[in-house]
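Visitor: First the structure, then my questions, so here it is.
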Amino acid sequence: MAKKTDISETKLLKTALANFIKNPQDETHIQKNSPSKEIQSELNEQETCPGLDRQKPNQKPGEKKEIHQGDIYWVRLPVQNGEDPGYSHPHVVIQNHSHTNSVVVCAITSNKKQANLPGNILLEIGEANLSRQSIVVVSRISTVDKTQLGEYIGTLTQDRINQILAGLKFLHLSFFDR
Numbered sequence: 000m001a002k003k004t005d006i007s008e009t010k011l012l013k014t015a016l017a018n019f020i021k022n023p024q025d026e027t028h029i030q031k032n033s034p035s036k037e038i039q040s041e042l043n044e045q046e047t048c049p050g051l052d053r054q055k056p057n058q059k060p061g062e063k064k065e066i067h068q069g070d071i072y073w074v075r076l077p078v079q080n081g082e083d084p085g086y087s088h089p090h091v092v093i094q095n096h097s098h099t100n101s102v103v104v105c106a107i108t109s110n111k112k113q114a115n116l117p118g119n120i121l122l123e124i125g126e127a128n129l130s131r132q133s134i135v136v137v138s139r140i141s142t143v144d145k146t147q148l149g150e151y152i153g154t155l156t157q158d159r160i161n162q163i164l165a166g167l168k169f170l171h172l173s174f175f176d177r
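Here it is, written out as structure tokens:
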């Protein structure tokens with residue numbers, strides 16, 4: 000379609016994502032048996048996770064840790080070869096099942112070039128206590144053990160969580176709906 004309209008593929012995807020975020024209820028292009036509804040319900044689950052010792056500001060000492068969708072933590076992921084730990088980066092929790100030992104997270108970067116990629120969400124300084132303008136990179140999804148969650152940074156608003164989920168859904172549809 001980009002070739003027919005003489006628009007770059009990136010610009011076309013960016014425009015489609017912007018329209019999709021504005022009108023997320025318009026699902027006429029999604030097939031009835033699409034797995035995205037199952038994925039959406041899993042991502043929306045906001046159960047809590049007991050047992051971690053890092054505290055949120057209003058948490059009393061000794062209380063069990065609760066992890067929610069939209070919470071941002073420092074996470075140290077292993078480097079690609081798996082031998083040495085990589086650098087810590089902020090990650091936002093997009094899914095948490097309290098009965099498992101892992102959570103699904105999206106990476107957050109301060110590399111502003113990532114803001115132009117389809118589905119990514121630009122966060123302003125101060126949002127969820129972030130010290131700089133940051134970008135949620137929806138294509139960098141990881142499943143991490145809950146013990147890998149470092150210091151709690153903050154929590155995104157429900158509107159921002161919905162934007163991230165829409166970006167993930169858009170990415171899913173653009174990959175599988177070919």
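In numbering that gives the first Met the number 0, the protein residues as written are 0 to 177.
Heads up, the beta-carbon is just placed ideally off N, CA and C, and yes, glycines get one too.
What you are looking at is a predicted structure, and each value in this text was computed from that prediction instead of being measured.
Which residue wins for smallest C-alpha separation from Asn115, given the options Thr156, Ile66, Val137, Ile152?
Guide: If we check each option's Cα against that of Asn115, Val137 comes out closest.
Visitor: Please confirm whether Gln132 and Ile124 have their CB atoms less than 7 Å apart.
Guide: It is a contact, given that the beta carbons lie within the stated cut-off.
Visitor: I'd like the span of the alpha helix (DSSP H) that includes Arg159, first residue to last.
Guide: Residues 157 to 175.
Visitor: Here's the rule I'm using: 16 or more other beta-carbon atoms within 10 Å means buried, otherwise exposed. How should Tyr72 be labelled?
Guide: Burial call: buried.
Visitor: Using the C-alpha atoms, what's the distance from Gln68 back to Gly153?
Guide: So the two alpha carbons sit approximately 11 Å from each other.
Visitor: Tell me the DSSP bridge mates of Leu148?
Guide: In DSSP, Leu148 forms a bridge with Val74.
Visitor: Beta-carbon separation of Asp70 and Val92 under 7 Å?
Guide: Going by C-beta atoms, Asp70 is nearer than 7 Å to Val92.
Visitor: Considering only DSSP beta bridges, list what Gln94 is partnered with.
Guide: Answer is Val103.
Visitor: Return the first residue and the last residue of the beta strand (DSSP E) that Ile124 is part of.
Guide: That residue, Ile124, is in no beta strand (DSSP E); it is neither H nor E in DSSP.
Visitor: Which residue from His90, Phe175, Ser101 puts its Cα closest to that of Leu129?
Guide: Checked all of His90, Phe175, Ser101; the closest Cα to Leu129 is His90.
Visitor: Taking the Cβ atom as the reference point for each residue, do Asn100 and Lys145 lie within a distance shorter than 7 Å?
Guide: Yes.
Visitor: Whole angstroms is fine: what's the gap from Gln94's alpha carbon to Ile160's?
Guide: Their backbone Cα atoms lie some 11 Å apart in a straight line.
Visitor: Would you mind sorting Phe175 into buried or exposed? The rule is 16 or more other CB atoms within 10 Å of its CB.
Guide: With fewer than 16 other Cβ atoms within 10 Å, it is exposed.
Visitor: Do you know how far the Cα of Gln157 is from the Cα of Glu26?
Guide: In this prediction, Glu26 has a pLDDT of 45, which is less than 50 and means its spatial position is unreliable; nothing more can be read from the coordinates.
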